[in-house]
Amino acid sequence: MVKISFHHRDGSLDVLNVDDGTSVMRAAVTSGIAGIVGECGGQAMCATCHIYVREEYLDVLPPVRHDEEEMLDCTTEPRDERRSRLACQLSAGRDFEAIEVDVPATQF
Amino acid sequence: MPIHENLTVDTPVADWLNPQELMTDPYPSYARLREAGDVVYAPALQSYLVPRYTALRETQLHPELFSVRSSDVNTMMERAFGGNRPMLRKDDPEHAVERQAINPTLRPRQIAQTWSPRFAQTVEHWIDHLLEVGPENADLNRDFAAPVASQNLIDLIGFPSEVHVDSLRRWSTDFIDGLSNVMSDPDIWARCDASRAEVNAVLDELIPHLRRHPDASITSHLLEVNLPEDVVRTNVMLTISGGMNEPQHMITNMVWALSTHPDQQRTVRAGEVSWGDAFEEVVRWVSPIGMAPREATADIEWFDAKIPQGATVGLLFASANRDDSVFPRADELDVTRNARGHLGFGTGVHQCAGRWAAKNAVGEVAVPRLYERIGSLMVDDSRQVSWQGWFFRGLTALPVTWD
Ligand code: HEM
Ligand code: FES
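Protein chains in written order, with this note's numbering: chain Y, 1 to 108; chain C, 1001 to 1403.
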């Protein structure tokens, strides 16, 4: 099991333990985590799964691919050049062993 | 989880639902369905309808329970498209291969860089035409929305410029009629077969050309991932069926909405609300696709209903978009609201592939340019405005005039 921590703007925290291969978006949406929408089902087509990855977890992550890069220009809350990612493109086990992310105030 | 095993439930039944009333104006029926429950059985349609927002979203999150491979719909789709089913009728992971092939040319950056300049050229041409027809006779549907939507789609699928806007329109209509040919009307199949032959003839020449000279088109992208050629052809036919009427209807819907709400028209034209936001609100308020079908893969207790395996489940996008618990005063048009999150493009892995193309072509190019060039454009109340349909809903005529 891989641990994913979602930090919300109001200071509250949700922690999930998920199976390998689950994307951060899928984990959030199936558990009803507030603030992550995932409209397009994980195809890097909607940018409503925007998250800010906490600094200490950035190093292990794979680089942003071309399609993710394009959609990161379409986030509602401003993109952070280092920390912004699409949660649907990050997969537990494959891309990280544990991760903590900040959830934006809005996705629309 | 809303799956309640071992719980006996009584499925609400809408025995009052009348398909004829849906055709004229579905919204009063949608309101009654939303009052009735999250899942409502409609005997007249032999379907379980999902009229509220939250339940609809939840249903789309579970493709393993609600599959797009519904047998009835597929039989007709395979018949219409000549033996194959397109991505819209496949579940993941099969669907993803075909869908991911076309996504790269349909994201907002490609739309802005590659497609938007072409959309803009087409719009200039057809505004000239509209002006020639003149303020006494112009029909925005016939003289502008239909040819613009058709030309944009010809470009998106990479068909050559010799293909006439009226041909693509006819193909689209014939395919759509075939897809809904429940009574197996032989005349409809004949039209559908003839149009399929014409589309295949264009593809016979285009495909070898695109293999040598790949371009930004949807057809070229389908070829690049080495899909079997019949799969490419079927998905081009899907795009012809699904990429024409909805943008066409959205052009007329927007002009009709802004004409009947002059204050909101002023707000948008003054730049206080973006054209893109106004577009999203109109998609929410009068959604071109009212419903999409799914099939239950098992006996399942879902919200307040019991759905048997194999049953048809109707996702009522247009109704969910009028759900007051998500969009306050949902029956009213309000361009200042944030309508994003509406279900007019569906949601989940089958969410519309053309959503960014349509938003740009219609919301950011065609409609704003119409008002720039014809400042006093308005609906002509002396002639008849007509709406039709609920599965697909739009204006069949929108007489317009100007000073
Ligand atoms: C405002 C205009 C449009 C609206 C309202 C609209 C609506 C929709 C909806 C609701 C779906 C999902 C159907 C379902 O879940 O069963 C869909 C799918 C689709 N649309 Fe659109 N559409 C529009 C424009 C376009 C355009 C211009 C294209 C062509 C590029 C297009 C291509 C597609 C395709 C290929 C799919 C299937 C996607 C898949 O199965 O993954 N649409 N559309
Ligand atoms: S879910 Fe749509 S971009 Fe991630």
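Virtual Cβ for every residue (Gly too), placed ideally from N, Cα, C.
Since the structure is predicted, the reported quantities are computational estimates derived from the model, not experimental observations.
Reduced DSSP category for histidine 8 of chain Y - H, G, I as helix; E, B as strand; rest coil: The answer is coil: DSSP assigns histidine 8 of chain Y none of H, G, I, E or B.
Residues of its chain near serine 1067 of chain C, where Cβ-Cβ distance is below 7 Å and the 5 sequence neighbours each way are ignored: Only Asp1091, Arg1294, Glu1295 and Thr1297 meet the Cβ criterion.
Leucine 1007 of chain C classed as buried or exposed, judged by whether at least 16 other C-beta atoms fall within 10 angstroms: Low per-residue confidence applies at leucine 1007 of chain C: pLDDT is 49, beneath 50, and the placement is therefore not dependable, though the value from the model is reported in the following sentence. It counts as exposed.
Whole-Å CB distance - alanine 1353 of chain C paired with isoleucine 1251 of chain C, under 8 Å assumed: Not a contact, Cβ separation roughly 19 Å.
Residues that glutamine 1388 of chain C bridges to, as DSSP identifies them: Residue pairing by DSSP places glutamine 1388 of chain C opposite C:Gly1394 in a beta bridge.
Exposure label - proline 1404 of chain C; buried when at least 16 CB within 10 Å: Because residue 1404 of chain C is not part of the residues shown, which for chain C are 1001 to 1403, the question remains open.
Supposed contact pair phenylalanine 1303 of chain C and valine 1039 of chain C - C-beta distance, whole angstroms, cut 8 Å: With a beta-carbon spacing of about 5 Å, valine 1039 of chain C and phenylalanine 1303 of chain C fall inside the 8 Å limit used to define contacts.
Range covered by the beta strand (DSSP E) that runs through tryptophan 1016 of chain C: No beta strand (DSSP E) holds tryptophan 1016 of chain C; DSSP gives it neither H nor E.
Interface partners of aspartate 80 of chain Y on chain C, CB under 9 Å: For aspartate 80 of chain Y, there are no C-beta contacts with chain C under 9 Å, since the nearest C-beta of that chain is about 19 Å from it.
Selection from Y:Asp67, Y:Gln107 and Y:Ser84 that minimises the alpha carbon distance to glutamine 1110 of chain C: Of the candidates Y:Asp67, Y:Gln107 and Y:Ser84, the residue whose Cα lies closest to the Cα of glutamine 1110 of chain C is Y:Asp67.
Chain Y contacts from the stretch 1096 to 1113 of chain C (Cβ-Cβ distance under 9 Å): If you check each beta-carbon in the stretch 1096 to 1113 of chain C against every beta-carbon of chain Y, the ones closer than 9 Å belong to Ala1096, Arg1099, Gln1100, Asn1103, Pro1104, Leu1106, Arg1107, Pro1108, Arg1109 and Gln1110.
One or two residues paired with tyrosine 52 of chain Y in a DSSP bridge: Its beta-bridge partners are Y:Ser84 and Y:Asp102.
Environment of glycine 1310 of chain C [buried if 16+ CB atoms lie within 10 Å]: Around the beta carbon of glycine 1310 of chain C, fewer than 16 other beta carbons sit within 10 angstroms, so the residue counts as exposed.
Any non-hydrogen atom of the ligand FES within 8 Å of glycine 1389 of chain C CB: With a cutoff of 8 Å, glycine 1389 of chain C does not count as near the ligand FES, since its C-beta is closer than that to no heavy atom of the ligand.
Neighbour list for methionine 71 of chain Y in chain C, Cβ cutoff strictly below 9 Å: Within chain C, the residues whose beta carbon sits less than 9 Å from that of methionine 71 of chain Y are Arg1107, Pro1108 and Arg1109, listed in sequence order.
Span separating the alpha-carbon of serine 23 of chain Y from that of isoleucine 51 of chain Y: Whole-angstrom Cα-Cα distance: 12 Å.
Per-residue DSSP class, three states only, for threonine 1297 of chain C: The three-state reading of DSSP puts threonine 1297 of chain C in coil, since its state is none of H, G, I, E or B.
Residues of the stretch 24 to 39 of chain Y whose Cβ lies closer than 8 Å to any Cβ of chain C, in chain order: Those residues of the stretch 24 to 39 of chain Y that come within reach of chain C (Cβ to Cβ, closer than 8 Å) are Val29, Thr30, Val37 and Glu39.
Alanine 105 of chain Y to cysteine 49 of chain Y span [Cα, whole Å]: So the alpha carbons of these two residues sit roughly 12 Å apart.
Three-state secondary structure assigned by DSSP to glutamate 1005 of chain C: Low local confidence applies: a pLDDT of 49 at glutamate 1005 of chain C is under 50, so the model's placement there is unreliable, with the coordinate-based value given in what follows. The answer is coil: DSSP assigns glutamate 1005 of chain C none of H, G, I, E or B.
Classification of isoleucine 1003 of chain C by the beta-carbon crowding that lies within 10 angstroms, buried from 16 upward: With a pLDDT of 48 at isoleucine 1003 of chain C, under the threshold of 50, the modelled position of this residue cannot be trusted; read the value that follows with caution. Exposed, because fewer than 16 other Cβ atoms sit within 10 Å of the Cβ of isoleucine 1003 of chain C.
Proximity below 9 Å, CB of threonine 1059 of chain C to CB of valine 1326 of chain C: No.
DSSP-derived helix/strand/coil call for glutamine 1185 of chain C: It should be pointed out that residue 1185 of chain C corresponds to aspartate in this sequence rather than to glutamine. The DSSP-derived three-state label of aspartate 1185 of chain C is coil.
Any non-hydrogen atom of the ligand HEM closer than 8 Å to glycine 38 of chain Y Cβ: Distance from the C-beta of glycine 38 of chain Y to the nearest heavy atom of the ligand HEM is not below 8 Å.
C-alpha gap between arginine 9 of chain Y and glutamine 107 of chain Y, whole angstroms: Cα atoms of arginine 9 of chain Y and glutamine 107 of chain Y: separation of roughly 13 Å, rounded to the nearest angstrom.
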